[in-house]
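Each residue of the sequence shown is one higher than the last, beginning at 1 in full-length UniProt numbering. A quick write-up on the structure given underneath.
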Amino acid sequence: MPTSHTPAPTRRRTDLMLFMLVSFGMSWACWGTAIALGGPAAAGTPTYVPFLLGAFGPLAGALVIRIRRRRRGEPVPEHAVRFRPAALLLAPLLMLAASAAVLAAAVIGHAAGDPAPSWSDAQDTMRSMGGPAAFLVSMIISGPLSEEPGWRGTAYPRMRATMGRFRIALVLGVIWAVWHMPLFFIDGTVQNDLGLATPGGVLFAVGNIPMAMLVTCAYERAGVLASIAVHFAVNTTMVLLAVKTPATQALIMGCQIILIALLLATGRRRTTGQAMDVAATEAPLPDARDTVRA
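Structure representation (structure tokens):
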């Protein structure tokens, strides 16, 4: 098997540039086609296929980088989170927490004067997309599955080598918002319904930053499976609750920030405890101190 002798920093930069090129190139080409075709991006229309394919740009970018890395015999990035059996337990818990944050924001928003969440409206939404099963499949494929292996599974580990998680959340959040921009010009999308030059459109763009941090917390805990689960939970809950008012959008960001703080605090305590256990286990014996070097 060939082995690459390219320095790690150069590999990371090249991988990131190629990933972004493929992700934006495929997504914007498809969405540009959808814009040119016109009409709503609904199943059965000519616009729907390029609209749907555009969501897979980040996944395509991730596959290109993975194939390239394997052919070159390059190692897995140091900060990549591998799959662990514990993820099968953590992912559903994180998914419930993310969904609860959106629901809490909607309830608070209703108390402040926004429309109340309606189960009948949620049922209508699912029926309009072919029923509950088709709705859930659509929600997990278009967004979580098509994006997370790219943004978190590919870009994040390479950025983490030189940047802190908060800075990455800011940078990836902005990139994520820009990546979504063509959707504002495709009829029938959530973004188009909000409008670009509106408070709702601005809050959607800004909301990509706390969302990026939230799915990052999930990724660091349990890998891509968890980030997919959290992305799915947020998107699905927002669609079912028909979140469109700026007040509820802002409240969702606030609730997500609280959840992020809780995840970071509990994660820090767990990491500290593990570090103390390792330190106690690996502490040198008194008569071995002369042979130990810092």
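Just so you know, even glycine gets a beta-carbon here, dropped at the ideal spot from N, CA and C.
**Message:** In the DSSP assignment, the alpha helix (DSSP H) including S128 goes from what residue to what residue?
**Reply:** 119-128
**Request:** Would you grab the beta carbon distance between residue 297 and G153 for me? Rounded to a whole angstrom, and I think it's under 8 Å.
**Result:** Absent from the model: residue 297. The displayed extent of the chain is 1 to 294, so no value can be given.
**Asked** From P2 to R11, what does the alpha carbon distance come to, in whole angstroms?
**Response** With a pLDDT of only 49 at P2, under 50, the local geometry of the prediction cannot be trusted, and no value is derived from it.
**Prompt:** How should A43 be labelled, buried or exposed, when 16 other C-beta atoms within 10 angstroms of its C-beta is the threshold for buried?
**Reply:** exposed
**Message:** Please report the distance separating the alpha-carbon of residue 295 from that of H79.
**Reply:** A query on residue 295 cannot be resolved here, the shown segment of the chain reaching from 1 to 294 and no further.
**Item:** Straight-line gap, L63 to A112 (C-alpha atoms, nearest Å)
**Value:** 45 Å
**Request:** Identify, in the order they occur along the chain, each residue of the same chain with its Cβ nearer than 6 Å to the Cβ of A101, setting aside the five sequence neighbours on each side.
**Result:** C255, Q256, L259
**Asked** Per DSSP, what kind of secondary structure is H79 in: helix, strand or coil?
**Response** The answer is coil: DSSP assigns H79 none of H, G, I, E or B.
**Asked** Does the beta-carbon distance from P40 to T47 come in below 8 Å?
**Response** yes
**Request:** Return yes when at least one heavy atom of the ligand ZN lies under 7 Å from the C-beta of L16, else no.
**Result:** The ligand ZN is absent from the structure shown, which contains no ligand whatsoever.
**Asked** Is it the case that the Cβ atoms of A155 and F24 are separated by a distance below 8 Å?
**Response** no
**Message:** Closer than 8 Å is the cut-off here; do at least three beta carbon pairs connect the stretch 187-205 with the stretch 103-122?
**Reply:** no
**Asked** Should the stretch 179-192 be called in touch with the stretch 82-94, which here means at least 3 C-beta pairs below 8 Å?
**Response** no
**Item:** Simplified DSSP assignment, three categories, for E74
**Value:** coil
**Message:** Quick check on S118: buried or exposed, where buried means 16 or more other Cβ atoms within 10 Å of its Cβ?
**Reply:** exposed
**Message:** If you reduce the DSSP assignment to three classes, tell me which class D187 lands in.
**Reply:** coil
**Message:** How far does the alpha helix (DSSP H) with D114 in it extend, from its first residue to its last?
**Reply:** Where D114 is concerned, there is no enclosing alpha helix (DSSP H), because DSSP gives it neither an H nor an E.
**Message:** For V174 and D124, I'd like the C-alpha separation in whole angstroms.
**Reply:** The alpha-carbon atoms of V174 and D124 are separated by roughly 33 Å.
**Message:** Output needed for L183: all residues of its chain with C-beta closer than 6 Å, excluding positions within five of it in sequence on either side, in chain order.
**Reply:** T189, Q191
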